[in-house]
């Protein structure tokens, strides 16, 4: 009996010893998006029905990518990649109790020269054709730019930000429907459905009128409109912006407020106010940076390799009951990023911000914003997918209020770009407030 107990004790100990490395081991997720038992993400928004997801989100250029590494939830310790993430985003990923379980999957970096489609060809042709013509004047505004990247490879901070502004990575016309999940530290989530539409007047690569649309007597640079479909208290709300190609002429911006049944002109001092619906996204902070470069001082901080959504796969990732969605279980690649710091010259709730831009495409993968006391404030993270035409698709992004443990996750479920967007009606007359009010049901 003693011998039997001794043998059983040894067997039990051996199982315990063997089980330690098994419990600490990790497996690279075999599937994308990893549809396994107990998955924690997905589309939880009750406002979005499957039949609504009929459009092109992107990612069709590289749909199947092999995951070669993984960190975070059910994977390697996130601490291993601390130097490969911006500080604010690393804090989010390394605090699952507050933000939720996030996993970062690494796939191979696919250089831009391997991307398919006409968009890259047209932009490269324009960059070569107009090389050396553009310049930045004494006010920090770009002059004599036609199309393409005005200053490829520059280390001048003012020239870099204009490369970003003129990159046309999304194309020159955009029609996008998305839902937003606004989640607080307790996991309470409020949803909204909206459209975001753009049209650029200048720097165009497509159509009969290029590089500029004519006539343009008001010297417009771009039009932008955002309208809400849901929830009830936001239905019909419209934000309309006209931007001018003029350093001395601020944006003209209006908002239609259904509760008042009035259109209100918005002040340029509101550029760092947050969007309706309790969002964390600001007007000048959208897409990383959406402001006028002349309203900011710029500083080049060098380059750094980071894990970014350069050629991600197309899926919508919402963590149920936690504010850290958007980036969870996405695919990332190692990208050499340009770090660019801005300091507002206008009224602002931020003291400075840092943009992390692709050194070739000038996509903005991350942005960090600091409050007036120089404390971490807002964090922006974006995953990009590559379309067959060479444009990047706007799949979704995370904007987090670090101090409040609060986030706004945007998930694009239907989008059209360039000529496809024009076929959907994106033209100058689309951006008229009367038409937009009717479109979004404004009372």
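Numbering (my numbering), first residue to last: 1384 to 1826. Glycine included, each C-beta is placed from N, C-alpha and C at the ideal position. Bear in mind the structure is a predicted one, so any value in this text is a computation, not a measurement.
query	result
Can you give me the C-alpha to C-alpha distance between residue 1505 and residue 1526, rounded to a whole angstrom?	21 Å
Less than 8 Å between C-beta atoms, sequence neighbours within five positions excluded: which residues of the same chain meet that for residue 1446?	1696, 1697
Can you tell me the Cβ-Cβ gap for residue 1800 and residue 1554, rounded? I've got them flagged as a contact below 8 Å.	4 Å
Which residue comes first and which comes last in the beta strand (DSSP E) that contains residue 1564?	1556–1566
Say whether the segment 1535–1550 touches the segment 1762–1770, bearing in mind that this needs 3 or more beta-carbon pairs closer than 8 Å, one atom from each stretch.	no
Between residue 1823 and residue 1612, which are expected to be in contact by the criterion C-beta below 8 Å, what is the C-beta distance as a whole number of angstroms?	7 Å
For residue 1587, which of 1458, 1551, 1610 has the nearest alpha-carbon?	1551
Would you kindly check if the distance between the Cβ of residue 1580 and the Cβ of residue 1777 is under 8 Å?	no
Which full runs of the beta strand (DSSP E) of 3+ residues lie inside the segment 1696–1773, going along the chain?	1713–1727, 1735–1741, 1747–1753, 1759–1769
Taking the CB atoms as reference points, tell me whether residue 1609 and residue 1564 lie closer together than 8 Å.	no
Can you say whether residue 1532 is buried or exposed, counting buried as having 16 or more other CB atoms within 10 angstroms of its CB?	buried
Which residue from 1597, 1760, 1745 puts its Cα closest to that of residue 1731?	1760
Is the segment 1727–1747 touching the segment 1779–1790, taking contact as three or more C-beta pairs under 8 Å?	no
Closest to residue 1535 by C-alpha separation, out of 1549, 1524, 1522, 1523, would be which residue?	1549
Near residue 1407, which residues of its chain fall below 7 Å by C-beta distance, leaving aside the five closest residues on each side in sequence?	For residue 1407, the predicted model reports a pLDDT of 35, less than 50, meaning its position is unreliable and no value from the coordinates is stated.
Pull up the distance between the alpha-carbon of residue 1619 and that of residue 1794, whole angstroms please.	20 Å
Determine the extent of the beta strand (DSSP E) in which residue 1827 is found, giving its start and end residues.	Absent from the model: residue 1827. The displayed extent of the chain is 1384 to 1826, so no value can be given.
To the nearest angstrom, report how far apart residue 1631 and residue 1571 are at their CA atoms.	43 Å
Beta-carbon separation of residue 1661 and residue 1750 under 8 Å?	no
Ignoring anything shorter than 4 residues, give me the alpha helix (DSSP H) runs that lie fully in the segment 1449–1489, in order along the chain.	1470–1476, 1479–1482
Helix, strand or coil: which one does DSSP assign to residue 1543?	helix
What do you reckon, are the CB atoms on residue 1486 and residue 1449 nearer than 8 Å?	no
In three-state terms, what does DSSP make of residue 1572?	strand
How would you label residue 1770, buried or exposed, when you count the other beta carbons within 10 angstroms and need 16 or more for buried?	buried
Given this structure, state the Cα-to-Cα distance separating residue 1480 from residue 1454, to the nearest angstrom.	16 Å
DSSP state of residue 1804, grouped into three classes?	helix
By how many angstroms is the C-alpha of residue 1596 removed from the C-alpha of residue 1738?	30 Å
Report the option in 1635, 1489, 1488, 1471 whose CA atom is closest to the CA atom of residue 1653.	1635
CA-CA distance, residue 1476 and residue 1451?	19 Å
Within the continuous beta strand (DSSP E) that includes residue 1623, where are the two ends?	1621–1627
Report buried or exposed for residue 1701, applying the criterion of at least 16 other Cβ atoms within 10 angstroms of its Cβ.	buried
Mapping DSSP to helix, strand and coil, what is residue 1447?	coil
What did DSSP end up calling residue 1599 once you bin it into helix, strand or coil?	coil
Between which two residues does the alpha helix (DSSP H) harbouring residue 1331 extend?	In this structure the chain extends from 1384 to 1826, so residue 1331 is not present and cannot be described.
Report the rounded CA-to-CA distance for residue 1813 versus residue 1651, giving the unit in angstroms.	23 Å
Just reading off the alpha helix (DSSP H) that residue 1822 is part of, what are its end residues?	1816–1822
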